[in-house]
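Written out below as structure tokens is the structure these notes cover.
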Amino acid sequence: MQTVCSNSNVNTTFTPRVQPPVDDSQILEKLRWESGPATLHPNEMNSVESILQSARQDLEYYDREIQILDSRKKEFIRKQEHLRKYMAQLQALLSPFRKVPDEILRRIFEDCCGGSDNHFILRNKNSGEPMDAIKNMPALALTSVCSRWRRNGLSIPSIWSRISLEYERESESALSLLRTFLNRSASVPLTI
Numbered sequence: 002m003q004t005v006c007s008n009s010n011v012n013t014t015f016t017p018r019v020q021p022p023v024d025d026s027q028i029l030e031k032l033r034w035e036s037g038p039a040t041l042h043p044n045e046m047n048s049v050e051s052i053l054q055s056a057r058q059d060l061e062y063y064d065r066e067i068q069i070l071d072s073r074k075k076e077f078i079r080k081q082e083h084l085r086k087y088m089a090q091l092q093a094l095l096s097p098f099r100k101v102p103d104e105i106l107r108r109i110f111e112d113c114c115g116g117s118d119n120h121f122i123l124r125n126k127n128s129g130e131p132m133d134a135i136k137n138m139p140a141l142a143l144t145s146v147c148s149r150w151r152r153n154g155l156s157i158p159s160i161w162s163r164i165s166l167e168y169e170r171e172s173e174s175a176l177s178l179l180r181t182f183l184n185r186s187a188s189v190p191l192t193i
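Residue 2 is where the sequence shown starts when you use the numbering used here, and the numbers rise one by one after that.
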């Protein structure tokens with residue numbers, strides 16, 4: 002039986018040196034015999050050693066081919082993942098939501114943030130849960146999606162004007178974020 006080499010640069014075939022028999026009853030019979038001189042004749046021993054040497058060479062060849070195939074498989078998987086990611090990006094370009102006019106998008110933002118406070122939690126690092134700005138601040142979450150959403154969200158001061166404050170300890174990062182909200186709310190009356 003000939004095997005075609007997997008290396009695409011080489012157009013050769015490999016012919017195995019050793020073809021294990023389909024019926025292994027003869028070797029099993031010999032394996033059942035007692036050990037010692039009765040098991041193999043001297044000329045059979047030389048033949049077995051020669052077959053073993055050839056079989057080792059065949060195994061080395063198979064191991065090399067398996068490594069080449071594994072390497073090619075990994076490369077194909079990498080290319081497949083890259084193509085799927087690219088397809089997902091292309092599909093996102095066709096998303097119906099991308100066709101929503103800015104006026105409607107801003108209305109959705111206002112509805113989404115109208116009944117929700119942007120919740121600031123100022124706590125000691127060792128007490129309670131850490132500040133999770135995105136989860137608790139819908140205005141910040143919406144303007145973090147993409148540049149279009151950011152542009153639209155920043156143009157609506159009212160979504161930045163509803164603030165809920167939970168205060169235990171001063172935190173510079175939370176105060177900085179609070180200043181950002183106050184600036185973005187512009188002249189819209191605050192709801193605290």
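C-beta atoms are modelled at their ideal positions from N, C-alpha and C, and glycine is treated no differently.
All values reported here derive from a predicted model rather than from experimental measurement.
| message | For the region 151-163 against the region 172-188, do three or more pairs of beta-carbon atoms, one drawn from each stretch, fall closer than 8 Å, so that the two count as touching? | response | Contact between the region 151-163 and the region 172-188 is present, because at least three Cβ pairs lie under 8 Å.
Would you tell me roughly how many angstroms separate the C-alpha atoms of SER51 and ASP71, rounded to the nearest one? The residue you call residue 51 lines up with position 50 of the sequence shown. The residue you call residue 71 lines up with position 70 of the sequence shown. Taking C-alpha positions only, SER51 is separated from ASP71 by approximately 30 Å.
Rounded distance between the beta-carbons of GLN58 and ARG18, thought under 8 Å:
As a working mapping, residue 18 is identified with position 17 in the sequence shown. As a working mapping, residue 58 is identified with position 57 in the sequence shown. Rounded to the nearest angstrom, the Cβ distance from ARG18 to GLN58 is 6 Å, consistent with a contact under 8 Å.
TODO: Could you check if CYS147 is buried or exposed, using at least 16 other CB atoms within 10 Å of its CB as the buried criterion?
DONE: One-based indexing of the sequence shown puts residue 147 at position 146. Looking at its Cβ environment, which holds fewer than 16 other Cβ atoms inside 10 Å, CYS147 is exposed.
Could you give the distance in angstroms between the alpha-carbon of ALA142 and the alpha-carbon of ASP103? For this step, residue 142 is matched to residue 141 along the sequence shown. For this step, residue 103 is matched to residue 102 along the sequence shown. ALA142 and ASP103 have their alpha carbons spaced roughly 17 Å apart.
task = Report, in whole angstroms, the separation of the C-beta atoms of ASN153 and PHE110, which I expect to be a contact under 8 Å.
result = Along the sequence shown, one-based indexing puts residue 153 at 152. Along the sequence shown, one-based indexing puts residue 110 at 109. That pair is a contact at about 6 Å.
Next item on the list: Please go through the region 37-87 and give each complete beta strand (DSSP E) segment of 3 or more residues, from N-terminal end onward.
Entry: Listed in chain order, nothing qualifies, since the region 37-87 has no complete beta strand (DSSP E) run of 3 or more residues.
Given this structure, state the Cα-to-Cα distance separating ILE78 from LEU53, to the nearest angstrom.
The sequence position of residue 78 within the sequence shown is 77, counting from 1. The sequence position of residue 53 within the sequence shown is 52, counting from 1. Cα atoms of ILE78 and LEU53: separation of roughly 36 Å, rounded to the nearest angstrom.
Under 8 Å by Cβ, that's how I've got PHE15 and TYR62 pegged, so tell me the actual separation to the nearest angstrom. Counting from one through the sequence shown, the residue named residue 15 turns up at place 14. Counting from one through the sequence shown, the residue named residue 62 turns up at place 61. Rounded, the Cβ-Cβ distance is 6 Å, consistent with contact.
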